[in-house]
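Residue 3 is where the sequence shown starts when you use our numbering, and the numbers rise one by one after that.
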Amino acid sequence: MWYNCSMTQRIDVYIEHKHYQINQKYSYLSDEFARIGMRVNVNFNNQKCVAFVVDTHAYDPEEAFPYELKWIEDRIDDEPILNEELLDLGLWMSEMTCTPLISCFQVMVPKALRMSKTSIKPQMEKWLHLEMIPDKVTLKQAPIIEALHNQDLPATQLKEYSGVLTGLIKKGIIRAYLQEKNYLVKDYQAHERPYALSPAQIDALEQIKASSQNVVCLFGKTGSGKTELYLTLAEEAMQDDLQSLIMVPEIALTQQMVDRVTERFGTDVVVYHSHLSDHERYLQYKRIQNNEAKLVVGTRSAVFLPFNKLAMIVLDEEHDSSYKQDNMPFYHTRDIAIKRAEHFNAKVILGSASPSFETFARAQKGVYALVELEDRVKGKLPHIQLVDNPVSSKQRLAKETKALIQEVIDEGKQVVILLNRRGYAPVLQCTECQRTVDCEACDRPLVYHKNDSSMKCHLCGHSEAMPRQCPHCGSTNLRMMGLGTQRVEEELQEAFPTARILRMDRDATQVKHGHQKILDQFNKHEVDILLGTQMIAKGLDNPLVGASIILNVDVALMKTDYRSVEDAFALMLQTAGRSGRGDGEAHVIIQTDLQKHMVYPALLNHDFKRFYVQEMKYRKIAQNPPYTYLINLSLFGKDEQKLYANALHIMQALQDEQIKVLGPSDLGKRIHVYYQRILIKGKDLHYMRKHLMDVLNREVKYHKWDCQIDVNPLKGLE
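What follows is the structure, given as structure tokens:
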């Protein structure tokens with residue numbers, strides 16, 4: 003075949019397939035000019051596949067290859083969708099997480115670009131422009147004329163006047179036109195600082211700026227003013243025409259942070275999280291790519307936005323497990339942020355009242371800078387009281403708890419109640435055969451939801467009607483066990499019939515902007531009691547909260563995972579910190595049957611350092627992180643017996659003097675697929691990764707096992 007070598011390229015690509023066996027470069031020929039970071043369609047194993055271009059070469063027909071080079075089918079992108087920095091990040095991330103490179107590339111690209119072409123069809127919306135002011139304005143027309151007098155508005159903002167608008171448009175008084183839909187187009191007006199920085203905040207700010215280390219652990223008690231430091235640093239970056247990223251662990255917190263930002267210095271902020279539509283995320287992505295915005299507030303996925311001039315990345319509540327991706331690629335946002343900051347010579351601020359042990363240990367050793375804020379800016383820390391759970395299973399709220407709630411409501415203040423389990427009852431059990439009603443696909447108990455009388459699997463999402471008899475023995479004697487937010491909500495309604503009660507959990511916030519609607523009601527004092535799961539423990543800043551109630555925490559304290567006590571302490575400390583941010587006394591009640599548990603002496607004094615020193619002793623004895631590293635290897639398949647045999651085989655292959663191999667542990671079934679987990683523990687993470695991949699490359703080559711690797715997992719073997 004004749005080639006025009008001056009026009010032909012040999013390009014190296016990674017095929018868009020997540021299997022470990024094809025996680026390697028493949029070469030193709032292209033007569034269309036391709037650049038690194040673009041995508042092309044190729045024929046791979048007689049299938050049309052998308053591939054990312056990672057290198058290009060002038061084609062030499064004399065160069066020998068072990069296989070015949072094929073031509074690409076076509077080029078998908080006109081411009082690279084991944085720049086050089088993100089490509090390098092993907093290569094590093096693939097190596098660090100033992101993940102196929104293509105998985106790392108895919109997580110960097112918004113969903114709207116994960117299609118066959120990057121030509122995104124713009125979404126249009128109708129806007130209104132006032133052409134003239136009529137001589138006579140009716141009462142119904144007046145609000146419309148006033149609204150449009152100095153500005154054009156989207157028609158959705160005046161939809162309540164649709165009938166009157168139609169008439170005005172017909173008369174030529176108002177002109178309607180189409181404009182590409184944007185997100186957050188408000189022209190915010192700047193406001194002065196709500197307060198001047200305290201001496202402690204000024205000192206902390208200077209320490210951050212003077213630090214020679216790029217990573218700073220900002221350790222400050224709840225309400226100590228960490229957010230104001232973030233905003234001050236972001237403002238200084240914007241004045242230098244640089245970009246900042248402020249990350250929060252929960253979608254519920256993004257709008258709160260956006261409100262703080264706009265109140266602070268009135269700018270248009272890019273918001274980026276999974277509850278935006280694909281098109282909204284794409285528009286925000288393009289604004290960052292084009293350097294049109296200087297400040298981003300977002301959740302985990304925002305760490306991959308295509309920044310050009312990044313000065314700072316903040317991880318607020320950095321201890322939160324939401325920053326860890328729970329499917330492939332299993333990355334931690336903190337690691338990605340630090341790696342990106344290296345490229346831009348930017349600062350990373352890890353802020354928390356209860357830092358993760360990994361972060362605080364590095365700060366103690368001087369790997370990270372440690373900056374502390376000891377005191378609250380406003381209010382004082384609440385008093386924490388431990389109360390026994392009621393003896394009666396029919397009552398979930400102790401008498402002391404009810405008395406405190408009533409007292410706080412009578413004072414015109416608000417109450418926050420944490421119960422970290424949604425639904426009505428976590429278990430439905432037969433009293434005859436003692437078996438539970440489980441999800442057939444997952445072998446996990448179905449959770450009863452009273453609002454629609456359904457049984458739901460919180461793993462796979464399966465839903466079915468509540469059974470009238472036991473599916474195992476046919477008995478009609480079924481009892482509900484355990485505690486969920488819906489059940490406590492019902493008890494609160496009975497105990498406080500005149501109180502305004504609102505529930506905030508995943509079921510109550512499924513609609514778009516559901517989180518914000520609930521928080522708006524709470525912040526406007528349209529709610530007396532806010533009951534919810536862990537999302538209410540993070541970032542809620544309301545001076546009217548006079549009490550925090552924590553329920554059912556014993557479940558977390560009794561887990562066998564090495565990190566469970568750390569997580570429980572952080573959750574209780576954060577929830578307690580929602581109270582006492584205004585004037586007057588504030589109180590916290592923790593209902594527990596484990597009042598002698600080692601976690602409470604430190605918690606009662608809001609003393610994270612005391613808890614850290616105490617818990618680290620146990621970590622050292624057990625040689626758990628941060629004294630060691632962990633890697634989870636999960637094997638999965640539909641044949642339970644064969645999967646277990648394979649797990650035993652690979653566990654034997656992993657045995658090595660420099661590491662400890664634990665398991666295999668049966669993780670049960672999810673959506674008809676069985677899982678086995680092997681835990682690798684050691685002190686040399688580089689060696690652990692290399693040894694694991696050497697074994698997998700040798701073994702998986704001969705056995706078609708499906709597996710996932712989680713380096714530095716947040717859970718060990720339970």
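Virtual Cβ for every residue (Gly too), placed ideally from N, Cα, C.
Looking only at DSSP bridge pairs, what is residue i linked to?
i: VAL42; result: ALA53 and ARG77
i: ALA467; result: SER456
i: SER279; result: None; SER279 has no bridge partner.
i: TYR16; result: PHE54
i: GLN431; result: THR438 and ARG481
i: LYS326; result: HIS334
i: MET314; result: SER246 and LYS349
i: GLY300; result: MET249 and TYR274
i: LEU450; result: Checking the displayed sequence, the identity of residue 450 turns out to be Tyr instead of Leu. Answer is ALA427 and MET457.
i: LYS622; result: DSSP output for LYS622 lists no bridge partner at all.
i: VAL417; result: ILE531 and ALA549
i: ALA60; result: GLN11
i: ASP595; result: DSSP lists no partner for ASP595.
To the nearest angstrom, report how far apart residue i and residue j are at their CA atoms.
i: TYR614; j: GLU34; result: 59 Å
i: GLY365; j: ILE351; result: Note on identity: in this sequence residue 365 is Ala, with Gly being the wrong assignment. When rounded, the distance between both Cα atoms is 12 Å.
i: LYS723; j: ILE552; result: Residue 723 lies beyond the stretch modelled for the chain, which goes from 3 to 720, so this question has no answer here.
i: LEU698; j: SER394; result: 53 Å
i: SER105; j: MET330; result: 7 Å
i: ILE253; j: GLY516; result: 10 Å
i: GLU409; j: LEU494; result: 14 Å
i: ASN43; j: VAL675; result: 31 Å
i: ASP377; j: SER200; result: 10 Å
i: MET259; j: LYS644; result: 50 Å
i: LYS326; j: CYS441; result: 27 Å
i: VAL449; j: VAL567; result: 25 Å
i: VAL758; j: LYS619; result: Outside the modelled stretch of the chain, which goes from 3 to 720, sits residue 758, for which no answer is possible.
i: LEU406; j: HIS589; result: 8 Å
i: MET483; j: HIS464; result: 20 Å
i: ASP243; j: LEU180; result: 32 Å
i: ILE147; j: GLU127; result: 20 Å
i: PHE362; j: ASP712; result: 22 Å
i: ASN453; j: ASP686; result: 51 Å
i: PHE524; j: GLU360; result: 35 Å
i: ASP412; j: LYS211; result: 46 Å
i: ASN25; j: CYS100; result: 11 Å
i: MET468; j: MET457; result: 6 Å
i: ASP90; j: ILE338; result: 12 Å
i: ALA558; j: ALA570; result: 6 Å
i: PHE332; j: ALA144; result: 56 Å
i: THR168; j: HIS281; result: 29 Å
i: GLU208; j: GLU344; result: 21 Å
Could you confirm whether any beta carbon from chain C is found closer than 8 Å to the beta carbon of residue i?
i: CYS219; result: Checking the listed chains, one finds no chain C in this structure; it contains a single protein chain.
Give the single residue among the options whose Cα lies nearest to the Cα of residue i.
i: VAL417; options: VAL369, ASP377 and GLY579; result: GLY579
i: LEU233; options: LYS223, THR224 and GLN245; result: GLN245
i: PRO102; options: HIS19, GLN643 and GLU133; result: HIS19
i: ASP668; options: LEU650, ASP658, ALA588 and GLN657; result: LEU650
i: THR497; options: THR264, MET482, ASP509 and ILE531; result: In the sequence on display, residue 497 carries Ala and not Thr. Checking every option, the nearest Cα to that of ALA497 belongs to ILE531.
i: THR511; options: ILE538, PHE638 and PRO627; result: ILE538
i: MET560; options: GLY534, MET600 and CYS435; result: MET600
i: PRO68; options: ASP80, ALA36 and TYR28; result: TYR28
i: LYS622; options: ASN544, PRO145 and TYR564; result: TYR564
i: ARG262; options: ASP585, LEU664, HIS608 and LEU542; result: LEU542
i: VAL111; options: MET134, ASN85, GLY665 and GLU97; result: ASN85
i: THR433; options: ASN479, CYS462 and GLU75; result: ASN479
>> My parser needs the alpha helix (DSSP H) runs of 4 or more residues fully inside the region 132-180; what are they?
In response: 144-149 and 164-172
>> Just to confirm the assignment: which complete beta strand (DSSP E) runs, minimum length 3, are found wholly within the region 522-564?
In response: 531-534 and 547-552
> Any contact of the region 347-363 with the region 313-322, i.e. 3+ C-beta pairs under 8 Å?
Replying inline: With the cut-off at 8 Å, the region 347-363 and the region 313-322 touch.
>> Give the list of continuous alpha helix (DSSP H) stretches no shorter than 4 residues that lie fully inside the region 625-701.
In response: 642-656 and 687-701
>> List, from N- to C-terminal side, the alpha helix (DSSP H) runs of 4 residues or more that fit wholly inside the region 218-291.
In response: 228-241, 253-267 and 280-291
> Are the region 422-431 and the region 622-642 touching by the rule of at least three beta carbon pairs closer than 8 Å?
Replying inline: Judged by Cβ distances under 8 Å, the region 422-431 makes no contact with the region 622-642, as fewer than three pairs qualify.
>> For the region 285-305 against the region 218-226, do three or more pairs of beta-carbon atoms, one drawn from each stretch, fall closer than 8 Å, so that the two count as touching?
In response: Per the Cβ contact rule, the region 285-305 is not in contact with the region 218-226 (fewer than 3 Cβ pairs under 8 Å).
> In chain order, which continuous runs of the beta strand (DSSP E) of length 3 or greater are located wholly inside the region 493-522?
Replying inline: When DSSP assignments are scanned along the region 493-522, the uninterrupted stretches of beta strand (DSSP E) that are 3 or more residues long and fall wholly within it turn out to be 503-506.
> Can at least three beta-carbon pairs, one atom from the region 463-476 and one from the region 432-447, be found at a separation below 8 Å?
Replying inline: yes
> Is the region 15-30 close to the region 45-54, with three or more CB pairs under 8 Å?
Replying inline: The answer is yes - the region 45-54 touches the region 15-30, with three or more Cβ pairs under 8 Å.
>> Give the list of continuous beta strand (DSSP E) stretches no shorter than 3 residues that lie fully inside the region 353-402.
In response: 371-375 and 385-389
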